[in-house]
Amino acid sequence: MALKLRVISQHYRDLGENRSRVFGVNGGTVGRAPDNDWVLPDARRVVSGHHCVVQYHGGKFWLSDTSTNGVFVNTPENRLVRGQPYAIKSGDRIFIEPYEIQASIGGAPAGDVDDHGPLGELLVARQVVARIAGKQKLL
19 MALKLRVISQ HYRDLGENRS RVFGVNGGTV GRAPDNDWVL PDARRVVSGH
69 HCVVQYHGGK FWLSDTSTNG VFVNTPENRL VRGQPYAIKS GDRIFIEPYE
119 IQASIGGAPA GDVDDHGPLG ELLVARQVVA RIAGKQKLL
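The sequence shown begins at 19 in our numbering and counts up by one.
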């Protein structure tokens, strides 16, 4: 099971390769500080140093707000309650000002995500890299 978070607002251009992040069952953190699993730079400091936490348990990915300025889901008005984890669904839009982020979950029931999903994309990318490196077997 994997959760892919991908910046879809205009800021994706500035982030380059860091415009998306795949979280596995170990979860991770998101924020402005360099010790996060996914760093979202913000010179205006609206993004908190440690803005939110992604966790996996009970077969679902959960998002917890640990920020001052809030995490919003599906609309910029729908703020998560701090201390109350939210079960992320494929297609959710997460707003961490100034970023808009799309969520997709791989390993979900058929029809919940596209045919390849983030895990399929990752495996194909690893296979291409392995072939380029001259390895015979697929990873």
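In this text, a Cβ means the ideal position worked out from N, Cα and C, and glycines have one as well.
Apart from the five residues on each side of it in sequence, which residues of its chain come closer than 6 angstroms, Cβ to Cβ, to residue i?
i, result
"phenylalanine 41", "Leu21 and Val72"
"isoleucine 106", "Phe79, Leu81 and Ala121"
"arginine 97", "Gly88 and Phe90"
"proline 94", "Phe113"
"valine 99", "none"
"aspartate 132", "For aspartate 132, the predicted model reports a pLDDT of 37, less than 50, meaning its position is unreliable; a value from the coordinates is still stated below. Around aspartate 132: no qualifying Cβ."
Residue i lies in the alpha helix (DSSP H); which residues open and close that run?
i, result
"leucine 21", "That residue, leucine 21, is in no alpha helix (DSSP H); its beta strand (DSSP E) goes 20 to 25."
At the level of alpha carbons, what is the spacing between residue i and residue j?
i, j, result
"serine 85", "isoleucine 114", "10 angstroms"
"proline 116", "glycine 76", "31 angstroms"
"threonine 47", "tryptophan 56", "6 angstroms"
"isoleucine 112", "histidine 29", "14 angstroms"
"cysteine 70", "glycine 101", "10 angstroms"
"valine 43", "asparagine 92", "23 angstroms"
"glycine 124", "arginine 62", "33 angstroms"
"aspartate 53", "serine 27", "23 angstroms"
Output needed for residue i: all residues of its chain with C-beta closer than 7 angstroms, excluding positions within five of it in sequence on either side, in chain order.
i, result
"glycine 67", "Gly49, Arg50 and Ala51"
"arginine 37", "Arg24, Val25 and Tyr30"
"leucine 33", "Val25"
Go to residue i, then tell me how far its beta strand (DSSP E) extends in each direction, as first and last residue.
i, result
"arginine 31", "Premise fails: arginine 31 lies in the alpha helix (DSSP H), 30 to 33, not in any beta strand (DSSP E)."
"serine 82", "78 to 83"
"histidine 68", "Segment: none, histidine 68 is in no beta strand (DSSP E) and carries neither H nor E."
"isoleucine 112", "111 to 114"
"glycine 124", "117 to 124"
"serine 38", "38 to 41"
Keeping to the same chain, check which residues put their C-beta closer than 8 angstroms to that of residue i; ignore five residues upstream and five downstream.
i, result
"proline 103", "Gln73, Trp80, Leu81 and Ser82"
"glycine 109", "Gln120, Ala121 and Ser122"
"valine 64", "Asn87, Glu115 and Pro116"
Going by C-alpha distance, which of the options is nearest residue i?
i, options, result
"glutamate 118", "Leu58, Arg62 and Gly124", "Leu58"
Opposite residue i in the DSSP bridges: which residues?
i, result
"valine 72", "Gly46 and Leu81"
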